[in-house]
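Report on the following structure.
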Amino acid sequence: MREMCQWYSAQYATLRAQIDRLQFNRIGPDGKDYDYTRDDIQQQVDIVTGNIGQAVAFLTPRVQALTQAQNSFGDNYFPIYEGEAFYKLWEQLSNVNNGILAHQADWFTGPSVQKAKRWGSDIHRSHVCE
242 MREMCQWYSA QYATLRAQID RLQFNRIGPD GKDYDYTRDD IQQQVDIVTG NIGQAVAFLT
302 PRVQALTQAQ NSFGDNYFPI YEGEAFYKLW EQLSNVNNGI LAHQADWFTG PSVQKAKRWG
362 SDIHRSHVCE
């Protein structure tokens with residue numbers, strides 16, 4: 242958990258801002274958002290997806306090592322405090338990266354962006370990384 246918190250404290254806010262900026266910039270004046278040849282969009286995509294890819298690669302072994310347990314009703318949960326939030330953040334960042342690389346529309350990747358922000362906000366508000 243300590244390593245995930247170090248990553249979160251050092252890089253999450255910057256990565257979130259990069260994703261937001263790209264999601265906005267890739268919508269052209271004609272409303273289309275899949276043409277990465279316009280302006281410097283491809284360069285932005287390369288930088289942001291590279292950064293997301295590095296974050297996902299760093300988080301993958303750590304979130305996969307989190308223990309999941311079952312309660313008496315058979316529902317899965319993470320016994321470690323905010324373990325689920327880190328797992329879900331990792332999951333949504335993977336979805337965002339895959340969507341951008343596949344040239345999927347902003348409306349398609351947008352929900353994963355919002356969910357990633359929600360899980361990142363949960364981590365922040367929990368003070369688990371302080």
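Take the working numbering: the final residue in the sequence shown is number 371, and no numbers are missing along the way.
Idealized CB from N, CA, C, for every residue including glycine.
If you're wondering where the values come from, they're calculated on a predicted model, not measured in any experiment.
Can residue i and residue j be called in contact, C-beta distance under 7 Å?
i, j, result
"Gln285", "Leu263", "yes"
"Asn312", "Leu256", "no"
"Tyr322", "Val369", "yes"
"Arg279", "Gly272", "no"
"Trp360", "Ala326", "yes"
"Asp274", "Ala357", "no"
"Ile341", "Thr308", "no"
"Tyr328", "Val297", "no"
"Tyr277", "Ile364", "no"
"Asn266", "Gly294", "no"
Taking the DSSP output, what are the residues bridged to residue i?
i, result
"Ala310", "Tyr318"
Which residue marks the beginning of the alpha helix (DSSP H) containing residue i, and which one marks its end?
i, result
"Cys246", "Arg243 to Trp248"
"Arg359", "Asp347 to Ser367"
"Ile341", "Gly324 to Leu342"
"Ile288", "Ile282 to Gln305"
"Ile260", "Ala254 to Asn266"
Does the CB of residue i have a neighbour CB from chain B at under 7 Å?
i, result
"Leu300", "In the structure shown, chain B cannot be found, because there is only a single protein chain."
Taking 6 Å as the cut-off, is the CB of residue i close to at least one heavy atom of the ligand PLP?
i, result
"Ile364", "Among the ligands in the structure shown, none appear at all, so the ligand PLP cannot be discussed."
Closer than 6 Å by C-beta to residue i: which residues in its own chain qualify, once you throw out the five before and the five after it? Chain order, please.
i, result
"Tyr253", "Gly361"
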